[in-house]
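To start, the structure itself, in structure tokens.
In mature numbering (1 follows the signal peptide of the UniProt record, and there is no 0), the protein residues as written are -23 to -1, 1 to 277.
Shown next, in the form of structure tokens:
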């Protein structure tokens, strides 16, 4: 199964390419899509008042994706899970969770989980968490409202402190030192092409960042490169993390928000208000802190 982080990394690469191609007007060459018609309420979602009457709402979160969302002993855990609970509490209802696998791209994830539903089994959710926000992409998926920006994510380098007692590692060091990445992630693409491919032989690829950090902690590699939160979540006393300048890395930071079906704008407004309040009073920052993570405020 493709992990959520790999899919999000590939999404960010896609957004970078879209941004380069449509820098002046991201929607200039886009022909609007046909919106879904004559679709039942049970397929496209529910109005805010219906959700409040039934007392609960469903959030789509990525499965097996710590520290953001995962299940342990049947209990939903993670940063995105706690933020979803915060949103639902603000609306006076209960948060329920649909743990989903990542599809082939972000459009497929939104189609399967927000506005159409999976081809076989399952159901759509009222809100989907951890959606990269980009103006060049949002105009191409008109069936979805992209809102509720609640955090940012950025690329960092974790390292073994004993291997680097004086100077923290930068990409140039990996011409000689091994570095762990998630396979097919933006960190993998960046390091593999850095300095004309001079680092490629020292890039160690793993199925997900959790395994990459286990390799670092276990001494199999001297460093790991990936999203800051995932690196921080895997640190121990012998490792640390930093964020050096990354030459030529155009998308080393991105904003995260939520997705709601376009038919239910009152719900999207209510969700955005709940997130905005929680940003202002520090509750979202405290959620990150509770998982030992640095909170990076979103661009709103």
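Cβ coordinates follow ideal geometry from the N, Cα and C atoms, glycine included. Note that the structure is a prediction, hence the values are computed from the model and not measured.
DSSP state of residue i mapped onto helix, strand, coil
i, result
"residue 286", "The structure shown does not extend to residue 286, since the chain is modelled only from -23 through 277, so no value can be given for it."
"residue 21", "Unreliable positioning characterises residue 21 in this predicted model, as indicated by a pLDDT of 47, which lies under 50. The coordinate reading is nonetheless provided below. Helix."
"residue 126", "strand"
"residue 266", "helix"
"residue 101", "coil"
"residue -1", "Since pLDDT at residue -1 reaches only 49, below the 50 mark, its modelled position is unreliable, and the value read off the structure follows with that caveat. Residue state, collapsed to three classes: coil."
Boundaries (first-last residue) of the beta strand (DSSP E) holding residue i
i, result
"residue 207", "Here residue 207 belongs to no beta strand (DSSP E); instead the alpha helix (DSSP H) covers 205 to 210."
"residue 93", "Taken as a continuous stretch (DSSP letters only), residue 93 belongs to no beta strand (DSSP E), as it is neither H nor E."
"residue 71", "71 to 77"
"residue 39", "33 to 39"
"residue 119", "Run containing residue 119: none; DSSP gives neither H nor E here."
"residue 224", "Element bounds for residue 224: n/a, residue is neither H nor E."
"residue 50", "Counting along the chain, residue 50 falls outside any beta strand (DSSP E), and DSSP gives it neither H nor E."
"residue 216", "216 to 219"
Cα-Cα separation between residue i and residue j, rounded to whole angstroms
i, j, result
"residue 33", "residue 268", "25 Å"
"residue 216", "residue 29", "46 Å"
"residue 227", "residue 147", "16 Å"
"residue 140", "residue 260", "37 Å"
"residue 173", "residue 161", "18 Å"
"residue 120", "residue 107", "17 Å"
"residue 103", "residue 122", "12 Å"
"residue 201", "residue 134", "6 Å"
"residue 74", "residue 65", "11 Å"
"residue 41", "residue 78", "9 Å"
"residue 101", "residue 237", "10 Å"
"residue 203", "residue 38", "20 Å"
"residue 193", "residue 151", "14 Å"
"residue 219", "residue 248", "33 Å"
"residue 168", "residue 221", "14 Å"
"residue 277", "residue 180", "35 Å"
Cβ-based burial, residue i [other Cβ within 10 Å; buried from 16]
i, result
"residue 86", "buried"
"residue 196", "exposed"
"residue 49", "exposed"
"residue 234", "buried"
"residue 26", "exposed"
"residue 178", "exposed"
"residue 137", "buried"
"residue 315", "Lying outside -23 to 277, the shown extent of the chain, residue 315 is not represented and no answer is given."
"residue 24", "exposed"
"residue 199", "buried"
"residue 170", "exposed"
"residue 153", "exposed"
"residue 211", "buried"
"residue 60", "buried"
"residue 159", "buried"
"residue 53", "buried"
"residue 278", "The question about residue 278 has no answer here: the residues shown for the chain are numbered -23 through 277."
"residue 242", "exposed"
Limits of the alpha helix (DSSP H) - the one that residue i falls within
i, result
"residue 58", "56 to 67"
"residue 108", "Unbroken run through residue 108 is the beta strand (DSSP E), 104 to 109; no alpha helix (DSSP H)."
"residue 238", "From DSSP, residue 238 is part of no alpha helix (DSSP H) but of the beta strand (DSSP E) over 230 to 238."
"residue 242", "242 to 257"
"residue 113", "112 to 115"
Practice task
Identify every run of the beta strand (DSSP E) within the region 138 to 188, keeping only runs that are complete inside it and at least 3 residues long; order them along the chain.
Solution key: Fully enclosed beta strand (DSSP E) runs of 3 or longer: 156 to 159 and 180 to 183.
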